[in-house]
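Okay, so here's the structure we're looking at.
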Amino acid sequence: MQITGRFLFIVGIIVALISAAKLPVTGTDWSNMLPLYVGAVIVSLLGLLLLHWHRLLPGKNRHTCSKHTISETIELLQRLLTEMRCLGEYINSSDGVQITTRVNTLLDKYLLPFVANQQKYLLELDQYKGLNVLVAIAQSERLLNRMWSAASDGNINEAIKTYPKALTAIKKAHNLCQEMLINNLR
């Protein structure tokens, strides 16, 4: 539907522009292309309607989808929190290779799916609320990358200092998702 809507909108605009450029014949007030112009405008409006049809539908389907997405997100973040807490238990006694391996696993298994589907989350969680969650997740990803970099450079103390900040960012994303789920159930 969106592809058809986009196509109709673009074609309608092009035809409307071309037909509007023709001057009226001498002695008349209107161009003989006026019916074509009006038709092109109608086609463009129809294209816009088709392009944004999903936004015009009642919110029931969107809320169901959002609740499902929020539940998936909370579950994924809960597993990530569990893994982060496990990392916290042995981070002080780990070397750089163990930390980088564990952080790689966390990034690949939990955070990269968010990055790959960020547009989906923005659309389904509402842009403002979804953006807050994505910002918290991006911050945790950045901090985990910082941990990985410090550990791979042999600076274990920097990796250990970064761990609580990354855990806090993940907790923040988790709490935001839980608030969204509670608000959607009301």
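In our numbering, the protein residues as written are 27 to 212. Note that beta-carbon positions come from the ideal geometry of N, C-alpha and C, so glycine has one too.
#1: Work out the CA separation of W79 and R88 for me, nearest whole Å.
#2: Using the beta-carbon count (16 or more within 10 Å), is A142 buried or exposed?
#3: Would S166 and L137 be called neighbours here (beta carbons separated by less than 8 Å)?
#4: Rank L34, S120, V51, L102 by C-alpha distance to the C-alpha of D134 and give the top, closest one.
#5: Between which two residues does the alpha helix (DSSP H) containing T126 stretch?
#6: If G114 and L193 are in contact, beta carbons under 8 Å, what's the gap, nearest whole angstrom?
#7: Are three or more beta carbon pairs between the stretch 173-188 and the stretch 68-75 nearer than 8 Å?
#8: Between which two residues does the alpha helix (DSSP H) harbouring I39 extend?
The answer reads as follows:
#1: Annotation note: pLDDT 45 at R88 (below 50); position unreliable, coordinate value reported separately. Rounded to the nearest angstrom, the two C-alpha atoms are 13 Å apart.
#2: Burial is judged here by how many other beta carbons sit within 10 angstroms of a residue's own beta carbon; A142 has fewer than 16 and is exposed.
#3: yes
#4: L102
#5: 122-132
#6: 7 Å
#7: With a cut-off of 8 Å, the stretch 68-75 and the stretch 173-188 do not count as touching, because too few Cβ pairs lie within range.
#8: 28-46
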